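In our numbering, the protein residues as written are 66 to 385.
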């Protein structure tokens with residue numbers, strides 16, 4: 066999933082004072098905003114091996130598997146199943162209610178977070194319901210293990226909350242090492258009574274992925290608006306992978322409350338608001354410099370994508 070960055074003037078307006086109250090408006094996510102607190106949880110990230118099958122089709126052998134990358138939203142998974150099974154758009158989404166998915170009660174029937182990233186075989190009898198059940202059953206096999214329960218108990222959270230935190234770490238972090246730090250920031254902000262204020266949750270609620278978030282966006286009535294609402298969003302915001310789950314289960318020690326990715330590969334975590342402001346100023350300078358550069362050649366396939374968008378389009382290799 067793509068993490069979003071606000072315009073520079075938006076950052077300056079909202080990255081203001083250190084947090085004296087619960088409704089504080091510090092911002093910035095991985096790509097330029099503050100990481101903000103959440104209500105925690107823990108999940109185990111043991112890898113799952115789902116076989117890649119090859120079936121005969123029209124006299125030729127072809128791969129009959131559906132690859133779900135880490136960090137895809139449920140909406141992306143639904144579209145992929147529709148295409149893989151050659152069904153009209155929207156068919157898989159409509160089938161959720163009749164699939165008999167074994168979801169936790171907190172999910173309220175929403176499989177977001179439980180469409181486990183892996184390669185799934187598609188046999189000739191595959192239906193949207195059977196594919197979704199396979200994904201959710203796989204997730205349950207991983208999430209119901211003893212390490213998950215132990216981690217959840219250690220952090221005073223339940224498994225569903227763990228999946229939520231893992232999904233946010235998946236969206237916000239640029240690499241495996243940063244996922245743990247993001248998860249730690251989440252726990253620290255929760256413990257300090259600070260709101261999340263993350264663009265990743267906000268944009269999920271607005272059903273979009275964008276690099277620009279306005280002040281008006283942060284005033285939306287969405288339950289995923291972590292600028293206006295305290296604690297975790299009501300559901301995961303994507304389907305996290307193994308590394309994100311491990312990060313949520315065992316985040317490294319640290320007192321960080323803020324982070325900002327100044328440029329790709331340079332994400333800075335801090336507990337000092339003044340230092341965060343300096344990092345944000347450097348981020349703004351980098352963005353301003355990019356805005357003044359001429360557009361890249363159309364021959365570059367990555368020119369219109371953020372690094373996270375490019376990364377999330379690649380199949381996961383960590384489940385084998």
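Just so you know, even glycine gets a beta-carbon here, dropped at the ideal spot from N, CA and C.
As the structure is a prediction and not an experimental result, all values here were calculated from the model.
Counting C-beta atoms within 10 angstroms of its own C-beta, residue 341 has 16 or more neighbours from the protein chains shown and is therefore classed as buried.
Bridge partners of residue 331 according to DSSP: 328. In terms of Cβ geometry, residue 200 and residue 168 do not form a close pair [threshold 7 Å]. For the beta strand (DSSP E) assignment, the uninterrupted runs of no fewer than 3 residues enclosed by the region 139–218 are, from N- to C-terminal side, 184–186.
Counted as a single uninterrupted DSSP element, the stretch harbouring residue 131 is not any alpha helix (DSSP H) but the beta strand (DSSP E) occupying residues 130–132.
In the same chain as residue 140, and ignoring 5 residues on each side of it, the C-beta atoms closer than 8 Å to its own belong to 158, 272, in chain order. Three or more pairs of CB atoms, one per stretch, sit closer than 8 Å, so the region 231–243 contacts the region 309–319. Assignment of residue 292 by DSSP, reduced to helix, strand and coil, places it in the coil class. In this structure residue 220 does not touch residue 322 by the C-beta definition: roughly 18 Å separates them, more than the 8 Å allowed. Within the same chain, and ignoring the five residues on either side of residue 194 in sequence, the residues whose Cβ sits closer than 8 Å to its Cβ are 160, 163, 164, 165. The beta carbon of residue 191 sits closer than 7 Å to those of 150, all from its chain and outside the five residues before and after it, given in chain order. Listed as beta-bridge partners of residue 323 by DSSP are 335. For the pair of segments examined, the region 325–344 was found to touch the region 235–242: the number of CB pairs separated by less than 8 Å reaches three. Rounded to whole angstroms, the Cβ separation of residue 268 and residue 182 is 20 Å, and the two are not in contact under 8 Å. Taking the Cα positions, residue 210 is about 13 Å away from residue 227. If you draw a straight line from the Cα of residue 133 to the Cα of residue 142, it comes to about 7 Å. In this structure, the straight-line span from the alpha carbon of residue 358 to that of residue 351 is close to 11 Å. Between the C-alpha atoms of residue 349 and residue 324 there is a straight-line separation of about 14 Å. Here DSSP, grouped into helix, strand and coil, assigns residue 315 to coil. Distances from the alpha-carbon of residue 300 to those of 136, 137, 178, 129 put 178 closest. Residue 185 has its alpha-carbon roughly 8 Å from the corresponding atom of residue 129.
When secondary structure is reduced to three states using DSSP, residue 257 falls in the coil class, being assigned neither helix nor strand.
Exclusion of the five residues before and after residue 318 leaves 249 as the residues of its chain whose Cβ lies within less than 8 Å of its Cβ. Burial check for residue 148: the Cβ neighbour count within 10 Å stays below 16, so the residue is exposed.
Counting only residues of its own chain and dropping the five nearest sequence neighbours on each side, residue 176 has a CB closer than 7 Å to the CB of 139, 161, 166, 168, 197, 201. Judged by DSSP secondary structure, residue 232 falls within the alpha helix (DSSP H) whose first and last residues are 224–237. Separation of residue 297 and residue 203 (C-alpha to C-alpha, rounded to the nearest whole angstrom) is 24 Å. Between residue 225 and residue 171, the CB-CB gap stays under 7 Å.
Residue range 264–270 is occupied by the alpha helix (DSSP H) that includes residue 270.
In the three-state DSSP reduction, residue 277 falls in the coil class, being neither helix nor strand. Nearest to residue 131 by C-alpha distance, out of 187, 156, 154, is 187. Rounded to the nearest whole angstrom, the CA to CA distance from residue 274 to residue 288 is 17 Å. One thing to note: residue 291 has its Cβ within 7 Å of the Cβ of residue 261.
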